[in-house]
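If you read the sequence shown in this note's numbering, its first letter stands for residue 11, the second for the next number, and so on.
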Amino acid sequence: MSIAEFPRGDRSDRGDRSAATQRSTNRIPPHSVEAEASLLGAMLLSREAVSIAFERGVRSDEFYKPAHQHIFDAIRALNSAGEPVDPITVGDELRRNNLLEGIGGIDALLTIQNATPAITSAERYAKIVRETASLRKLISVASEIAEIAYSGPEDVARAIDESESKIFDVSETNVGDASQRLGLLVNEA
Numbered sequence: 011m012s013i014a015e016f017p018r019g020d021r022s023d024r025g026d027r028s029a030a031t032q033r034s035t036n037r038i039p040p041h042s043v044e045a046e047a048s049l050l051g052a053m054l055l056s057r058e059a060v061s062i063a064f065e066r067g068v069r070s071d072e073f074y075k076p077a078h079q080h081i082f083d084a085i086r087a088l089n090s091a092g093e094p095v096d097p098i099t100v101g102d103e104l105r106r107n108n109l110l111e112g113i114g115g116i117d118a119l120l121t122i123q124n125a126t127p128a129i130t131s132a133e134r135y136a137k138i139v140r141e142t143a144s145l146r147k148l149i150s151v152a153s154e155i156a157e158i159a160y161s162g163p164e165d166v167a168r169a170i171d172e173s174e175s176k177i178f179d180v181s182e183t184n185v186g187d188a189s190q191r192l193g194l195l196v197n198e199a
């Protein structure tokens with residue numbers, strides 16, 4: 011091979027790392043709109059499902075679909091106030107916050123409720139919602155870590171420490187939520 015045949019250093023072909031990075035930016039983040047809707051539907055049908063979701067530490071920011079976040083927040087507000095949770099009361103709560111039309115109206119709430127496969131699976135739906143949210147957070151943190159590495163930090167050890175801390179925060183969210191729930195259960199006993 012002569013020097014003329016060597017590939018130029020234009021970096022247009024960086025190999026697998028660049029291709030993997032590009033593929034990851036074009037992907038849809040992990041989520042399950044079906045599990046989200048099923049959990050919300052179970053919560054609209056059963057106060058026990060509401061309790062399960064809150065005991066499992068589900069948060070509105072763990073829902074992928076913004077409409078589902080709003081519905082969950084409305085359910086939380088009603089439950090905190092000791093009010094009943096059903097499509098009508100949730101719809102009223104959303105209307106008072108100017109969010110009802112944004113989620114698709116009362117029909118969307120009724121559709122979610124009617125499409126719920128099983129109230130008894132609320133715990134599993136909650137687990138799916140939390141797990142997919144954790145994966146999205148992990149992807150976000152991995153992107154932040156990649157940015158740190160690409161920035162060419164002067165203090166590599168500090169960059170590694172910062173990266174480890176970010177990963178730890180993702181895992182601590184799940185562990186922390188579990189220990190918080192355990193504390194609540196111990197206090198109730």
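Beta carbons: idealized from backbone N, C-alpha and C, even for Gly. The structure presented is a predicted model; accordingly, all values stated were derived computationally and were not measured.
Since residue i and residue j are thought to touch, with beta carbons under 8 Å apart, how far apart are those beta carbons, to the nearest angstrom?
i: VAL60; j: ASN89; result: 5 Å
i: GLU46; j: HIS78; result: 5 Å
i: ALA52; j: TYR160; result: Contact doesn't hold; Cβ gap of about 43 Å is too wide.
i: ILE81; j: LEU50; result: 5 Å
In the structure shown, what three-state DSSP assignment does residue i receive?
i: GLU157; result: helix
i: SER48; result: helix
i: THR31; result: Reliability fails at THR31, whose pLDDT of 49 lies under 50, so the model's placement of it is uncertain and the value that follows must be treated cautiously. Three-state result, THR31: helix.
i: ALA100; result: According to the sequence shown, residue 100 is Val rather than Ala. The answer is helix: DSSP assigns VAL100 an H, G or I state.
i: SER56; result: coil
i: ILE38; result: coil
i: ASN89; result: helix
i: PRO94; result: coil
i: VAL180; result: helix
i: VAL68; result: coil
In angstroms, rounded to a whole number, what distance separates the CA positions of residue i and residue j?
i: LEU120; j: SER48; result: 12 Å
i: LYS176; j: LYS147; result: 10 Å
i: ASP158; j: ALA169; result: The question names Asp, but residue 158 is Ile in the sequence shown. C-alpha separation (whole angstroms): 7 Å.
i: ILE113; j: ARG86; result: 16 Å
i: GLY92; j: GLU133; result: 22 Å
i: THR31; j: GLU172; result: Low confidence applies to THR31: its pLDDT is 49, below 50, so where it sits in the model is not reliable enough to give any reading.
i: LEU54; j: PRO163; result: 50 Å
i: PHE64; j: ARG140; result: 12 Å
i: SER42; j: TYR74; result: 8 Å
i: SER181; j: VAL151; result: 11 Å
What residue ranges within the region 118-175 form continuous beta strand (DSSP E) runs of no fewer than 3 residues, ordered along the chain?
Runs found: none.
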